[in-house]
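Enquirer: This structure is in structure tokens; I'll ask about it shortly.
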Ligand SMILES: Cc1cc2nc3c(=O)[nH]c(=O)nc-3n(C[C@H](O)[C@H](O)[C@H](O)COP(=O)(O)O)c2cc1C
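Numbering (our numbering), first residue to last: 7 to 264.
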């Protein structure tokens, strides 16, 4: 195992942060590494907002499903899928005039463009995660930033073709995190296929979830009287208030984008 693999294999989400600050040098190094992330067509269809203001952190801790650790994170970075910059540049370059002269349509950003921009933003975010981890700085994604679209749009002055796809909380872990308690993963056979997709059924699921059906997982498994992990997962995640809010919020953003 080399050092890079060691960092990848040992990483786990960090939600409690020590008071030891992240230095400006460390931030510079991490952001420089982030900008080296692969990006579709080298277009860099993303922007990053450093959330410095404590007031803003406090607000995000509330609007992102009341996760108080966001307010305590020493460094908070917001990843935006950004097609606005591209189209503002097209405006600056008078691309619409060119299209008119050539009799070709001037195409506005579509859902496919948003997906591409989300890919760019998330790949950049994960590059941040690994660069930070290599310096002993932990992180945790906050997917709930996709909720409350209108609130976040107004709060952060987001124009039409910008969508907040991920928030990252970063900081040194309060204590050295051991391998114990590290979340498990499905076995590779259920995730990695050869040449075509494999749709799973009954027995596959039994084996796939087997390692998760441990006594330690039982409280989660039997959440709200659920009989099994699937039922618990649906109640805890898919049909939960935060998930329904995410569905609503993303729909508003998509309607606005289109
Ligand atoms: C897209 C995405 C969204 C996530 N959102 C949250 C979140 O809102 N709050 C949180 O505490 N963890 C969040 N996480 C962290 C996951 O819960 C965590 O990665 C997962 O449980 C696996 O644990 P590990 O990262 O320690 O291996 C998110 C992770 C991803 C990739």
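Even for Gly, the Cβ is constructed at its ideal location relative to N, Cα and C.
Around the C-beta of residue 171, are 16 or more other C-beta atoms found within 10 angstroms, so that it is buried, or is it exposed?
Expert: buried
Enquirer: Going by CA-CA distance only, name the one from 241, 96 and 82 that's closest to residue 28.
Expert: Minimum Cα distance to residue 28 is reached at 82.
Enquirer: From the DSSP secondary-structure annotation, give me the bridge partner or partners of residue 148.
Expert: 173
Enquirer: Straight-line CA distance for residue 205 to residue 129?
Expert: 27 Å
Enquirer: Who are the near neighbours of residue 111 in its chain, counting only those whose CB is closer than 8 Å to its CB and skipping five residues on each side?
Expert: 105
Enquirer: List the endpoints of the continuous beta strand (DSSP E) containing residue 87.
Expert: 81-88
Enquirer: Taking only runs of the beta strand (DSSP E) that begin and end inside the region 43-119, which ones reach a length of at least 3 residues, in chain order?
Expert: Fully enclosed beta strand (DSSP E) runs of 3 or longer: 52-56 and 81-88.
Enquirer: Since residue 179 sits in a beta bridge, which residues does DSSP pair it with?
Expert: 23
Enquirer: State the CB to CB distance for the pair residue 139 and residue 254, rounded to an integer number of angstroms; the pair is presumed to be in contact (CB under 8 Å).
Expert: Not quite, the Cβ-Cβ distance comes to about 34 Å (not below 8 Å), so this is no contact.
Enquirer: Please list the terminal residues of the continuous alpha helix (DSSP H) segment that includes residue 232.
Expert: Neither: residue 232 is in no alpha helix (DSSP H) and is coded neither H nor E.
Enquirer: Taking 7 Å as the cut-off, does the CB of residue 172 come closer than this to any heavy atom belonging to ligand 1?
Expert: yes
Enquirer: Closest to residue 9 by CA distance: which of 141, 156 and 79 is it?
Expert: 141
Enquirer: Does the beta carbon of residue 99 fall short of 7 Å from some heavy atom of ligand 1?
Expert: No, the beta carbon of residue 99 sits no closer than 7 Å to any heavy atom of ligand 1.
Enquirer: Quick check: the region 153-162 against the region 240-256, are there 3 or more CB pairs under 8 Å?
Expert: yes
Enquirer: Per DSSP, which residues does residue 168 bridge with? Please list them.
Expert: 88
Enquirer: Does the region 42-52 come into contact with the region 112-129, if we say contact requires no fewer than three beta-carbon pairs (one atom in each stretch) closer than 8 Å?
Expert: yes
Enquirer: Using only CA atoms, which one of 134, 95, 22 and 26 lies nearest to residue 37?
Expert: 134
Enquirer: Rounded to whole angstroms, what is the Cα-Cα separation between residue 143 and residue 100?
Expert: Each residue's alpha carbon lies about 44 Å from the other.
Enquirer: With DSSP run on the structure shown, which of helix, strand or coil describes residue 199?
Expert: coil
Enquirer: Looking at residue 19 and residue 269, is the spacing between their C-beta atoms short of 8 Å?
Expert: Shown here, the chain extends from 7 to 264; a query on residue 269 therefore has no answer.
Enquirer: Going by alpha carbons, who is nearest to residue 235 out of 132, 218 and 173?
Expert: Among 132, 218 and 173, the Cα nearest to that of residue 235 belongs to 218.
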